[in-house]
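Note sheet for the following structure.
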Amino acid sequence: PRPIILHLPGGAYMNLVAGTIENPGTSYVDAGYSLAVLNYRLPRSPTVKPWLVCSDPHEALDDVAAAINHLHGNAEVYGIDSGRIVIAGFSAGGHLAAWYGITCTKRGSCPAAMVLHFPFLTKGSQIACSAVGVPFANMEAWEYEGCSPTASLDAATPPTILYHASGDTIVSTLEMTEFVSSLAEQGVSHEYYEVPQGGHYLVPYPKVAAVSNGALDGVNGTYADLVQRALLLSPPACVRCDDVPTQWMMRMDKTCSTASWHIENKCVDDVFWAKGGYCRSSCYDAGRGYVGETCCPPSMVKQCKECDDVPTQWMENNGRACNEVRNLKCHENRRWVRMGFCRKSCFDAGRGYNGDTCC
Numbered sequence: 032p033r034p035i036i037l038h039l040p041g042g043a044y045m046n047l048v049a050g051t052i053e054n055p056g057t058s059y060v061d062a063g064y065s066l067a068v069l070n071y072r073l074p075r076s077p078t079v080k081p082w083l084v085c086s087d088p089h090e091a092l093d094d095v096a097a098a099i100n101h102l103h104g105n106a107e108v109y110g111i112d113s114g115r116i117v118i119a120g121f122s123a124g125g126h127l128a129a130w131y132g133i134t135c136t137k138r139g140s141c142p143a144a145m146v147l148h149f150p151f152l153t154k155g156s157q158i159a160c161s162a163v164g165v166p167f168a169n170m171e172a173w174e175y176e177g178c179s180p181t182a183s184l185d186a187a188t189p190p191t192i193l194y195h196a197s198g199d200t201i202v203s204t205l206e207m208t209e210f211v212s213s214l215a216e217q218g219v220s221h222e223y224y225e226v227p228q229g230g231h232y233l234v235p236y237p238k239v240a241a242v243s244n245g246a247l248d249g250v251n252g253t254y255a256d257l258v259q260r261a262l263l264l265s266p267p268a269c270v271r272c273d274d275v276p277t278q279w280m281m282r283m284d285k286t287c288s289t290a291s292w293h294i295e296n297k298c299v300d301d302v303f304w305a306k307g308g309y310c311r312s313s314c315y316d317a318g319r320g321y322v323g324e325t326c327c328p329p330s331m332v333k334q335c336k337e338c339d340d341v342p343t344q345w346m347e348n349n350g351r352a353c354n355e356v357r358n359l360k361c362h363e364n365r366r367w368v369r370m371g372f373c374r375k376s377c378f379d380a381g382r383g384y385n386g387d388t389c390c
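Residue numbers (this note's numbering): 32 to 390.
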């Protein structure tokens, strides 16, 4: 089976620019990789009030998750190695790739590596964390922290190759160096190629090889070599582990952290639990984690923050608090994601929103 590249085109989250599909897309195929191109949903319009977010930005993140899930489910049909999925993102697609890489928690859902080309980190993060119908450009850093790869990446972030040109007037070199510093601080395997001059585009590949200290071939090499380099980097020492309860536990209003009998008697000893990956974090913390899985401790994931617990209008009308309602919708419901209802209770139930680590 061959490795596969999931290609995320750029376009400032309001277009999908096809240029990067041809180059380096053709070089990927010529090098023997399988290639999948994701036309993800766009939260901005290029003609109608482009300074606003006009649909839920998390839909794009959902599309990446669905694509990864599809590739896993059809690996045999496509003749691919689902353990070697590399996300290659360009501009806004680079932000989307990195955003997914810092939030994937479902077992097997994270890519093996990421190759980010001039990723749209700051403005992409503002767009991603913006509410629908609200201008995003004036957001404060703390408002989009949860969507910022630089602010929120952790030790479980996939190994990363980063390409950028100093002449880029859309994405600054400072954004890149800050991102690289965060990768280094968290111990994430990475390589950074900053080429002189150029712009918000791919320069001729020999210019990239020229700044690689001999790691890349400037004569016969292509942009596909960046994928090869990414796959050679060391994987994370640990993974993010979610804490998803079984359907029975949810019906009985139990969470992984409160179901002590189940943690003591299920987990790795129960075939159904092992296959479904239930209560991964709680099982691991109890010394009963699943085979081959090392969960990152919370301190290695990200610092926690205070989360509010705002109820829906229906809950307010009926005098119910978030922690009094069974079967909260949480991250499974787009409106709840957009409005951020019951953040603390959802997190405590192991079903928190992307970017939220609640104290």
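All C-beta atoms, glycine included, are put in the ideal place defined by N, C-alpha and C.
By a beta-carbon distance limit of 8 Å, residue 147 contacts residue 128. Their separation comes to about 6 Å. Ranked by how close their Cα comes to the Cα of residue 278, the residues 260, 303, 261, 296 have 303 in first place.
Judged by pairs of C-beta atoms under 8 Å, the region 59 to 73 touches the region 82 to 98, as three or more such pairs exist. Taking the CA atoms as reference points, residue 264 sits about 9 Å from residue 192.
The three-state reading of DSSP puts residue 102 in helix, counting H, G and I together. Within the same chain, and ignoring the five residues on either side of residue 175 in sequence, the residues whose Cβ sits closer than 6 Å to its Cβ are 156, 157, 160. Between residue 41 and residue 57, the gap from beta carbon to beta carbon reaches 8 Å or more. Contact check for residue 241 against residue 230 fails: the beta carbons are separated by 8 Å or more.
Three or more Cβ pairs drawn from the region 194 to 203 and the region 216 to 236 lie within less than 8 Å of each other, which places the two stretches in contact. Taking 8 Å as the cut-off, the Cβ atoms of residue 116 and residue 184 do not count as close. Under the three-state reduction of DSSP, residue 177 is assigned to helix.
When the alpha-carbon of residue 144 is set against those of 99, 151, 170, 47, the nearest one is in 99. For residue 373 against residue 353, the beta-carbon gap comes to about 4 Å, under 8 Å, which counts as contact. Annotation for residue 189: 132, 141, 142, 144, 145 place their beta carbon closer than 6 Å to its own, counting only its chain and skipping 5 residues before and after.
Here the alpha carbons of residue 286 and residue 379 stand approximately 8 Å from one another.
The closest CA to that of residue 135, considering only 187, 101, 369, is found on 187. Ranked by Cα distance from residue 364, the first of 130, 93, 55, 60 is 93. Leaving aside the five residues that flank residue 63 on each side, the residues in its chain whose CB is nearer than 8 Å to its CB run, in chain order, 33. Contact annotation, residue 77 with residue 46: C-beta distance approximately 6 Å; criterion of less than 8 Å satisfied. With at least 16 other beta carbons inside 10 angstroms of its own, residue 222 counts as buried.
One thing to note: residue 211 has its Cβ no nearer than 8 Å to the Cβ of residue 83. When beta bridges are read from the DSSP output, residue 60 appears opposite no residue. According to the DSSP assignment, residue 124 belongs to the alpha helix (DSSP H) that extends over 123 to 134. When only Cα atoms are considered, residue 168 and residue 151 end up about 13 Å apart. Residue pairing for residue 195: DSSP places it in a beta bridge opposite 225. The Cβ atoms of residue 272 and residue 315 sit closer than 8 Å to each other.
Listed in chain order, the non-local C-beta contacts of residue 218 below 7 Å within the same chain comprise 186, local neighbours out to five positions each way being set aside.
At a Cβ-Cβ threshold of 8 Å, residue 254 and residue 236 count as neighbours. With 16 or more neighbouring CB atoms inside 10 Å of its own CB, residue 311 falls in the buried class.
Looking at 290, 37, 344, the one whose alpha-carbon comes closest to that of residue 112 is 37.
In the assembly as shown, residue 97 is an exposed residue. Its beta-carbon has fewer than 16 other beta-carbons within 10 Å.
A residue is called buried when at least 16 other Cβ atoms come within 10 angstroms of its Cβ; residue 204 does not meet this threshold and is exposed. One thing to note: residue 124 has its Cβ no nearer than 8 Å to the Cβ of residue 257.
Per DSSP, the unbroken alpha helix (DSSP H) holding residue 205 starts and ends at 204 to 216. Taken in chain order, the unbroken stretches of alpha helix (DSSP H) that lie wholly in the region 255 to 308 and span 4 residues or more are 255 to 263, 278 to 282, 291 to 296, 302 to 307. Counting only residues of its own chain and dropping the five nearest sequence neighbours on each side, residue 262 has a CB closer than 7 Å to the CB of 34, 115, 117, 143, 144.
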